[in-house]
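What follows is a set of notes on a single structure, which appears directly below.
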Amino acid sequence: GGTIYQAFLSALSYHRWHSPVSGTIVKAEVIDGSYYSETPGEGFDPAAPNESQGYITGVAARGLILIEADDPRIGLMGFLSVGMAEVSTNDIRVYVGQHVNKGDETGMFHFGGSTHCLIFRPGVDLEFDLHGQEPGLESSNIPINARIANVKG
63 GGTIYQAFLS
73 ALSYHRWHSP
83 VSGTIVKAEV
93 IDGSYYSETP
103 GEGFDPAAPN
113 ESQGYITGVA
123 ARGLILIEAD
133 DPRIGLMGFL
143 SVGMAEVSTN
153 DIRVYVGQHV
163 NKGDETGMFH
173 FGGSTHCLIF
183 RPGVDLEFDL
193 HGQEPGLESS
203 NIPINARIAN
213 VKG
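Its first residue numbered 63, the sequence shown is counted upward by one per residue in my numbering.
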């Protein structure tokens, strides 16, 4: 019932994470998982990790950071880092109880392509800014610290 924003980072993308909101870290955990896994439905395809993002998000090595946002309209939200293909390092650089400001570095991947998700609880009314692009593999990365969404109301 909530909202998930998932974005892809190519091997040439910036791979450090920054807090999307100001708030307090309530959970910071690395979740072990597989790497070089892809959904069998994609068949043998060198781009299969790109096409398997939903699947990989559930089975790959991940980092989970939960933030209680200072803005009560957002409340508790999550950031999920997902190592794709050979990426398995999810290096979390924040700790439970730490207050972060929007834009503060929270961690990083150490190598290659990956994906990440922002997870919002039900009832958070968001208006996304796609920077004039259509979602898909041909779109460009949104610039670092640029607006991704606004909370309505």
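Every residue, glycine too, gets a C-beta built ideally from N, C-alpha and C.
- Distance from Ile-93 to Leu-126 at the Cβ level is roughly 6 Å; contact confirmed, criterion being Cβ atoms closer than 8 Å.
- Three or more pairs of CB atoms, one per stretch, sit closer than 8 Å, so the stretch 68–87 contacts the stretch 116–133.
- The C-beta of Ser-202 has fewer than 16 other C-beta atoms within 10 Å across all chains shown, which makes the residue exposed.
- DSSP links Tyr-67 through a beta bridge to Leu-180.
- The three-state reading of DSSP puts Thr-151 in coil, since its state is none of H, G, I, E or B.
- For Ile-206, there is no enclosing beta strand (DSSP E), as DSSP marks it with neither H nor E.
- Within its own chain, the residues whose Cβ lies closer than 7 Å to the Cβ of Ser-96, once the five positions on either side in sequence are excluded, are Val-121, Ala-122, listed in chain order.
- The beta carbon of Tyr-76 lies closer than 7 Å to those of Ile-206 in the same chain, with the five residues before and after it left out.
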